[in-house]
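Report on the following structure.
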Amino acid sequence: MNASVSPYNRQAEDIGNIVALEHVNVFVPDQYLATIFYVEGMGFTRDPYLMVDVSNMWINIGQSQFHMPSGPPQVLRGHVGLVLPDRQALLGRLHGVKDSLAGTDFGFADCGGFVEVTSPWGNRLRCFEPHPDFGRVSLGMAYVEFEVPVGTAAGIAAFYRTVLDTRADVSPGASGPVAVCSVGNHQSFRFRETTETLPPYDGHHVQIYLANFSEPHRKLHELGLVTEESDQWQYRFKDIVDPDRGDVLFTIEHEVRSMTHPLYARPLVNRDPRQTNRSFAPGHEEWRWHNALSS
Numbered sequence: 000m001n002a003s004v005s006p007y008n009r010q011a012e013d014i015g016n017i018v019a020l021e022h023v024n025v026f027v028p029d030q031y032l033a034t035i036f037y038v039e040g041m042g043f044t045r046d047p048y049l050m051v052d053v054s055n056m057w058i059n060i061g062q063s064q065f066h067m068p069s070g071p072p073q074v075l076r077g078h079v080g081l082v083l084p085d086r087q088a089l090l091g092r093l094h095g096v097k098d099s100l101a102g103t104d105f106g107f108a109d110c111g112g113f114v115e116v117t118s119p120w121g122n123r124l125r126c127f128e129p130h131p132d133f134g135r136v137s138l139g140m141a142y143v144e145f146e147v148p149v150g151t152a153a154g155i156a157a158f159y160r161t162v163l164d165t166r167a168d169v170s171p172g173a174s175g176p177v178a179v180c181s182v183g184n185h186q187s188f189r190f191r192e193t194t195e196t197l198p199p200y201d202g203h204h205v206q207i208y209l210a211n212f213s214e215p216h217r218k219l220h221e222l223g224l225v226t227e228e229s230d231q232w233q234y235r236f237k238d239i240v241d242p243d244r245g246d247v248l249f250t251i252e253h254e255v256r257s258m259t260h261p262l263y264a265r266p267l268v269n270r271d272p273r274q275t276n277r278s279f280a281p282g283h284e285e286w287r288w289h290n291a292l293s294s
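Residues in the sequence shown are numbered from 0 upward in steps of one, following numbering that gives the first Met the number 0.
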């Protein structure tokens with residue numbers, strides 16, 4: 000084979016400077032109801048090692064998490080796209096927790112291509128079965144979609160390209176332009192323009208890991224956007240701005256970590272929710288969230 004002519008599309012494997020979307024953080028007012036919804040209903044796994052008291056809960060989804068400290072409820076302005084392995088099993092679990100979550104905002108619907116689920120406090124999840132569009136993941140957090148004001152998608156994409164140095168483009172979308180920004184291997188932030196009135200920002204946040212940690216910090220600092228110098232491995236910012244004009248386009252706190260952070264790539268425990276005491280099969284307790292390569 001002529002080594003100067005590659006038969007492969009090498010650019011298809013570029014993910015940009017943001018290497019992973021690790022967690023979405025929202026406050027919840029009731030850890031008991033959160034356990035019913037996220038563990039019993041959704042079938043996810045509470046992290047057994049960190050945040051195990053009643054003041055916070057870390058929920059594992061493949062290699063990503065929801066973080067849920069106790070406090071007044073926070074609602075993401077959009078939805079989170081998740082990959083789950085078994086639609087019918089999910090629907091069965093959700094039916095099973097309806098009575099326990101009665102009187103809350105909980106709800107769900109089978110929408111054909113995905114299952115739409117609403118948490119007890121109004122956070123929306125879209126649950127898809129594994130698909131090549133999501134890589135080889137059978138359980139994971141594929142994307143976070145934010146609803147943003149009309150006219151902001153192009154500027155948001157430019158911000159992620161020029162400040163955070165990741166791949167970002169604008170697609171037409173069925174209901175309006177969408178900025179799609181790479182935040183990991185088959186993971187993205189999506190910013191969909193809407194004419195709807197958006198609720199005020201309530202403080203929820205997302206967390207990402209960067210390969211080049213210092214250069215985005217320098218650019219954010221020059222723009223006056225760094226809001227917290229957390230520690231050696233982490234900083235935060237909230238406002239996404241037009242990189243040319245400086246106008247604030249959208250606000251969502253980013254917890255930004257380096258790849259040298261002690262928690263980077265920490266293995267997460269993911270149980271197989273099909274396992275019960277009545278149908279127990281030794282050796283199948285843990286869900287293998289990454290599919291094998293097809294032959």
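Even for Gly, the Cβ is constructed at its ideal location relative to N, Cα and C.
- Assignment of F133 by DSSP, reduced to helix, strand and coil, places it in the helix class.
- K97 carries a coil assignment under DSSP once its states are collapsed to helix, strand and coil.
- For L209, the uninterrupted beta strand (DSSP E) segment begins and ends at 204–209.
- For P84, there is no enclosing beta strand (DSSP E), as DSSP gives it neither H nor E.
- About 5 Å separates the beta carbons of I35 and V96, which is inside the 8 Å limit, making them a contact pair.
- Nearest Cα to V27 within the set N55, V177, F105, L267: N55.
- For A153, same chain residues with a beta-carbon under 6 Å away, outside a window of 5 residues either side, are V169 in chain order.
- No Cβ-Cβ contact shorter than 8 Å links L138 with G202.
- Collapsing the DSSP output to three states places A141 in a strand.
- S213 and H220 have their alpha carbons spaced roughly 10 Å apart.
- DSSP assignment within the stretch 225–273 yields the following whole beta strand (DSSP E) runs of 3 residues or more, N-terminal first: 225–230, 233–240, 247–257.
- Burial check for C110: the Cβ neighbour count within 10 Å stays below 16, so the residue is exposed.
- Between D238 and F279, the alpha-carbon positions lie close to 49 Å from each other.
- Listed in chain order, the non-local C-beta contacts of P176 below 6 Å within the same chain comprise A152, V169, E192, local neighbours out to five positions each way being set aside.
- Just so you know, the alpha carbons of T103 and W120 end up roughly 7 Å apart.
- For Q186, the enclosing beta strand (DSSP E) begins and ends at 186–193.
- In this structure, the straight-line span from the alpha carbon of A167 to that of Q10 is close to 14 Å.
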